[in-house]
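Chemist: Chains as they are written, first to last, in the numbering used here: chain G, 1 to 360; chain Z, 361 to 568.
Here a beta-carbon is modelled for each residue, glycine too, at the ideal position from N, C-alpha and C.
Note that this is a predicted model, so its numbers are computed, not measured.
The structure's right below; bear with me while I get my questions together.
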Amino acid sequence: MFWIGFLIINTLNIQVFDTPNDDGSSITITWPADISLKGMEITRSLKSSGDFEKIVDLTARDSIFQDATVQRGIDYYYRLKWNDPEGESFSNVAGPVRAQVQLLNFFRLQNIGLLIAILFAFIIFYISHAQSGKKLTIRRIPGLTAVEDAIGRATEMGKPVLYVPGINDIDDPQTIASMSILARVAEKTAEYGTTLFVPTCHAMAMTMAQQVVKEAAIKVGRPDWYNIDNIRYLTDDQFGYVSAVDGIMIRDRPATNFYLGTFYAESLILAETGHSTGAIQIAGTAMSDQLPFFVAACDYTLLGEELYAASAYLSQEPVQLGSLKGQDLGKILFIALILFGVVARLLGWNFFYNLFSVQQ
Amino acid sequence: MKRTIPLVIVFTCGFFMLAAFFIPVRFVQDTSQMLQNWYIGVAAFFVFIGIINLIKINLEKIQRRLRDWQYSFILLGFLFFMMFAGFVLRGHTEGPVFQYMFNYFYTPCSATMFSLLAFFVASASFRAFRAKTPEATLLLIAAVIVMIGRIPVGYGIWHGFPSLVEWIMTVPNTAANRGIIFGINLGLISMALRVLLGIERSYMGGGD
Numbered sequence: 001m002f003w004i005g006f007l008i009i010n011t012l013n014i015q016v017f018d019t020p021n022d023d024g025s026s027i028t029i030t031w032p033a034d035i036s037l038k039g040m041e042i043t044r045s046l047k048s049s050g051d052f053e054k055i056v057d058l059t060a061r062d063s064i065f066q067d068a069t070v071q072r073g074i075d076y077y078y079r080l081k082w083n084d085p086e087g088e089s090f091s092n093v094a095g096p097v098r099a100q101v102q103l104l105n106f107f108r109l110q111n112i113g114l115l116i117a118i119l120f121a122f123i124i125f126y127i128s129h130a131q132s133g134k135k136l137t138i139r140r141i142p143g144l145t146a147v148e149d150a151i152g153r154a155t156e157m158g159k160p161v162l163y164v165p166g167i168n169d170i171d172d173p174q175t176i177a178s179m180s181i182l183a184r185v186a187e188k189t190a191e192y193g194t195t196l197f198v199p200t201c202h203a204m205a206m207t208m209a210q211q212v213v214k215e216a217a218i219k220v221g222r223p224d225w226y227n228i229d230n231i232r233y234l235t236d237d238q239f240g241y242v243s244a245v246d247g248i249m250i251r252d253r254p255a256t257n258f259y260l261g262t263f264y265a266e267s268l269i270l271a272e273t274g275h276s277t278g279a280i281q282i283a284g285t286a287m288s289d290q291l292p293f294f295v296a297a298c299d300y301t302l303l304g305e306e307l308y309a310a311s312a313y314l315s316q317e318p319v320q321l322g323s324l325k326g327q328d329l330g331k332i333l334f335i336a337l338i339l340f341g342v343v344a345r346l347l348g349w350n351f352f353y354n355l356f357s358v359q360q
Numbered sequence: 361m362k363r364t365i366p367l368v369i370v371f372t373c374g375f376f377m378l379a380a381f382f383i384p385v386r387f388v389q390d391t392s393q394m395l396q397n398w399y400i401g402v403a404a405f406f407v408f409i410g411i412i413n414l415i416k417i418n419l420e421k422i423q424r425r426l427r428d429w430q431y432s433f434i435l436l437g438f439l440f441f442m443m444f445a446g447f448v449l450r451g452h453t454e455g456p457v458f459q460y461m462f463n464y465f466y467t468p469c470s471a472t473m474f475s476l477l478a479f480f481v482a483s484a485s486f487r488a489f490r491a492k493t494p495e496a497t498l499l500l501i502a503a504v505i506v507m508i509g510r511i512p513v514g515y516g517i518w519h520g521f522p523s524l525v526e527w528i529m530t531v532p533n534t535a536a537n538r539g540i541i542f543g544i545n546l547g548l549i550s551m552a553l554r555v556l557l558g559i560e561r562s563y564m565g566g567g568d
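Okay, structure coming up:
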């Protein structure tokens, strides 16, 4: 529930209303832009006939302003002021209007919330489906099928495995996904007794990687294999990190390189250096700009969503596979929505287009 | 208990952050902001852990005279010198010594690494564009058209090249890119749900 007041003055129509879907901290003022007006400012008062104080200066191109200096539950009146050749001019007073709390952001709930809820429902449905013992089939992902072979190759050659978890910290979902894959890779390398290097770009990622690798070694009964010095912090600097990792590749010649996580400009420098050392390379990132570089320089590449699916895929646990199946069903739904949206626009059915219109 | 408490923390914080996206109430917004501030505080503390790890590993390398120990010596030397210049010397990080080291040592080294990218792009393109399969041939043709269309001589050869490049970039390229981005976000939501519900917990170590 919000109050609206508006008034038409000559050609200037000023409207004020409580900003929708916010925490009751602002009031929105709108008016048609008029580039002939000079020295515009918004003034505010607690009474319609009281003293109006200036809040902000405006340019003639402005047509909207959010006043975030209001207090909740108090009535305000607004007035525009500008300079004419004859002197100062004013719009009539708009109001009263008061800022109020909305419990839910309905714009977000209607669009994003609904779609997320549907996707969650699909995933939970398939998880319960898997828990009931039904067998689920997931499409084969070549990059993940090759993980074990790649580690086996390093073992046979007596060379180490290099795992690069990206250059972002653990607040990045890609780094979390990478740590989940690292757990599986560490289990295999520990089982085979192969050296695993994990150079990190952030100290927090290093701590997490150390814990993941240590637990993996314990899980497969090889706690003696774990060497804390092999999971080390290098530097937070992007190109400093790249040169250090390149140095590891050149000096220690790992037979298998994993690049899984967030990468920017360094992706191709790492992958090309790894290629020059003859290592088998498996890369994966959700940075769509970097995917072509990995595809060109690596043997296998996990494309976007496959990075997030990797841990569930490698575990082969029914419950985790169920979540992948639900995700696939969600994808089919979204493809159907896109196709229907295209047809609806072509036929001029704007209701469907408006349903997904972007608003704050 | 070793697993339960972290899982409860993950669920509570994750759920709060998700709720903050839909609930504009000040308490929820403030709490979500507070959680993010806590993360920044913890991350700042970890800088020290990183430096301690760096010093420990490189000191061991020097003491035990391991292979290439000289590089560790140089690394630690510069680390301590930069800390000395930044904390002790006149002007600190704005002082002449720190600025000299930054501008004439760090920046050129960083730029050198970045400039390697130009050569690596050439070598990677050479391999990627070999027309061994129909897909690689298509890639080669598209790449040649884009390269020619982006340079002035392309316009001289045929006036239609820039428009063709524009079409390739805005229609097939954007369509494929959006498809990938769509998949990425669906995968992200799915993984977020697995983490929130505690189905995916291998990132905590110990696999399942």
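Run through the DSSP bridge pairs and tell me what G/Gly166 is partnered with.
Modeler: Position 166 of the first sequence, counted from the first residue, corresponds to residue 166 of chain G. Answer is none; G/Gly166 lacks a bridge partner.
Chemist: Using the three-state DSSP reduction, which class does G/Arg345 fall into: helix, strand or coil?
Modeler: Along the first sequence, read from residue 1 onward, the residue named residue 345 of chain G stands at position 345. DSSP places G/Arg345 in helix when its eight states are reduced to three.
Chemist: By DSSP, does Z/Gly567 sit in helix, in strand, or in coil?
Modeler: What you label residue 567 of chain Z is simply residue 207 of the second sequence in a count that begins at 1. Annotation note: pLDDT 48 at Z/Gly567 (below 50); position unreliable, no value reported.
Chemist: Just the C-alpha distance for Z/Pro456 and Z/Leu476, rounded to the nearest angstrom, thanks.
Modeler: As a first step, residue 456 of chain Z must be located in the second sequence, where it is residue number 96. As a first step, residue 476 of chain Z must be located in the second sequence, where it is residue number 116. Looking at the two C-alpha atoms, the distance is approximately 30 Å.
Chemist: According to the Cβ coordinates, are Z/Arg554 and G/Gln71 closer than 8 Å?
Modeler: Here residue 554 of chain Z refers to the residue found at position 194 of the second sequence. Here residue 71 of chain G refers to the residue found at position 71 of the first sequence. For Z/Arg554 and G/Gln71, no; Cβs fall outside 8 Å.
Chemist: How about G/Ala283 and G/Ala154: do their beta carbons lie closer than 8 Å?
Modeler: Counting from 1 along the first sequence, the entry for residue 283 of chain G is found at position 283. Counting from 1 along the first sequence, the entry for residue 154 of chain G is found at position 154. No, the pair does not count as a contact, with Cβ atoms beyond the cut-off.
Chemist: Looking only at its own chain, which residues have a Cβ that is under 7 Å from the Cβ of G/Lys214, when we skip the five neighbours before and after it?
Modeler: Looking up residue 214 of chain G in the first sequence gives position 214. For G/Lys214, where only same-chain residues beyond five positions count, the Cβ hits under 7 Å are Tyr226.
Chemist: Using a Cβ-Cβ cut-off of 8 Å, state whether G/Tyr353 counts as contacting chain Z.
Modeler: As a position in the first sequence, residue 353 of chain G is number 353, starting the count at 1. It does not: the Cβ of G/Tyr353 has no partner Cβ on chain Z nearer than 8 Å.
Chemist: Return the residues of the stretch 364-380 of chain Z that lie within a Cβ-Cβ distance of less than 7 Å from chain G, sorted by chain order.
Modeler: If the cut-off is 7 Å between Cβ atoms, the stretch 364-380 of chain Z has nothing near chain G.
Chemist: What three-state label does DSSP hand G/Ala44 in the structure shown?
Modeler: Here residue 44 of chain G is taken as the residue at index 44 of the first sequence, counted from 1. Note that residue 44 of chain G is Arg in the sequence shown here, rather than Ala. Of the three classes helix, strand and coil, the one that applies to G/Arg44 here is strand, per DSSP.
Chemist: Taking the beta strand (DSSP E) that G/Asn83 belongs to, which residues open and close that run?
Modeler: Here the question's residue 83 of chain G lines up with position 83 in the first sequence. Run containing G/Asn83: Tyr76 to Asp84, per the beta strand (DSSP E) assignment.
Chemist: From what residue to what residue does the beta strand (DSSP E) around G/Asn92 run?
Modeler: On the first sequence, position 92 is the one that residue 92 of chain G refers to. Per DSSP, G/Asn92 belongs to no beta strand (DSSP E) and is neither H nor E.
Chemist: Whose C-beta lies closer than 6 Å to the C-beta of G/Pro20 among residues of the same chain, with five residues either side of it excluded?
Modeler: Counted from its first residue, the first sequence places residue 20 of chain G at position 20. Nothing listed; no residue qualifies.
Chemist: Alpha carbons only, please: which of G/Glu266, G/Tyr259, G/Cys298 and G/Leu268 is nearest the one belonging to G/Gly278?
Modeler: Locating residue 278 of chain G in the first sequence gives position 278, counting from the first residue. The candidate whose alpha carbon is nearest that of G/Gly278 is G/Cys298.
Chemist: Helix, strand or coil for Z/Thr472 per DSSP?
Modeler: Your numbering for residue 472 of chain Z matches position 112 in the second sequence. In the structure shown, Z/Thr472 sits in a helix (DSSP, three-state: H, G or I).
Chemist: Quick check: the stretch 250-269 of chain G against the stretch 441-453 of chain Z, are there 3 or more CB pairs under 8 Å?
Modeler: Judged by Cβ distances under 8 Å, the stretch 250-269 of chain G makes no contact with the stretch 441-453 of chain Z, as fewer than three pairs qualify.
Chemist: On the DSSP letters alone, give me the boundaries of the beta strand (DSSP E) that G/Leu302 sits inside.
Modeler: Here residue 302 of chain G corresponds to residue number 302 of the first sequence, with the count starting at 1. Here the beta strand (DSSP E) through G/Leu302 covers Tyr300 to Leu303.
Chemist: At 8 Å on the CB atoms, spell out the chain B contacts of Z/Asn413, in chain order.
Modeler: Note that chain B does not occur in the displayed structure, where the protein chains are G and Z.
Chemist: Could you check which residue in G/Gln66, G/Gly87 and G/Phe52 has the C-alpha nearest to that of G/Tyr78?
Modeler: Here residue 78 of chain G is taken as the residue at index 78 of the first sequence, counted from 1. Nearest C-alpha to G/Tyr78: G/Phe52.
Chemist: Give me the residue from G/Leu270, G/Ile55 and G/Asp328 with the minimum Cα distance to G/Phe293.
Modeler: By one-based count along the first sequence, residue 293 of chain G stands at place 293. Taking only the C-alpha atoms, the option nearest G/Phe293 is G/Leu270.
Chemist: Would you kindly check if the distance between the Cβ of G/Ala99 and the Cβ of G/Asp18 is under 8 Å?
Modeler: Here residue 18 of chain G refers to the residue found at position 18 of the first sequence. Here residue 99 of chain G refers to the residue found at position 99 of the first sequence. Yes. Within cutoff.
Chemist: Is G/Leu103 helix, strand or coil by DSSP?
Modeler: Numbered from its first residue, the first sequence carries residue 103 of chain G at position 103. Correct three-state label for G/Leu103: coil.
Chemist: Work out the CA separation of G/Leu109 and G/Leu115 for me, nearest whole Å.
Modeler: Residue 115 of chain G sits at position 115 when you count from the first residue of the first sequence. Residue 109 of chain G sits at position 109 when you count from the first residue of the first sequence. So the alpha carbons of these two residues sit roughly 9 Å apart.
Chemist: I believe G/Leu329 touches G/Phe122 by the beta-carbon criterion, under 8 Å. Please report the beta-carbon distance rounded to the nearest angstrom.
Modeler: Within the first sequence, numbered from 1, the residue matching residue 329 of chain G stands at position 329. Within the first sequence, numbered from 1, the residue matching residue 122 of chain G stands at position 122. About 5 Å; that satisfies the 8 Å criterion.
Chemist: Please list the segments of the beta strand (DSSP E) lying wholly inside the stretch 190-216 of chain G, counting only runs of 3 or more residues, in order along the chain.
Modeler: Whole beta strand (DSSP E) segments, 3+ residues: 196-200.
Chemist: Taking a cut of 7 Å between CB atoms, which residues from the stretch 86-105 of chain G lie near chain Z?
Modeler: Cβ contacts with chain Z: Val101, Gln102, Leu103, Leu104 and Asn105.
Chemist: Opposite G/Gly87 in the DSSP bridges: which residues?
Modeler: As a first step, residue 87 of chain G must be located in the first sequence, where it is residue number 87. Paired residue(s): G/Asp84.
Chemist: Taking Cβ to Cβ, would you say G/Ile176 is nearer than 8 Å to G/Ala310?
Modeler: On the first sequence, residue 176 of chain G is found 176 positions in, with the first residue counted as 1. On the first sequence, residue 310 of chain G is found 310 positions in, with the first residue counted as 1. Contact: no.
Chemist: Would a check of beta-carbon distances place G/Thr194 closer than 8 Å to chain Z?
Modeler: Indexing the first sequence from 1 puts residue 194 of chain G at position 194. No, G/Thr194 lies away from the interface with chain Z (no Cβ there is under 8 Å from its Cβ).
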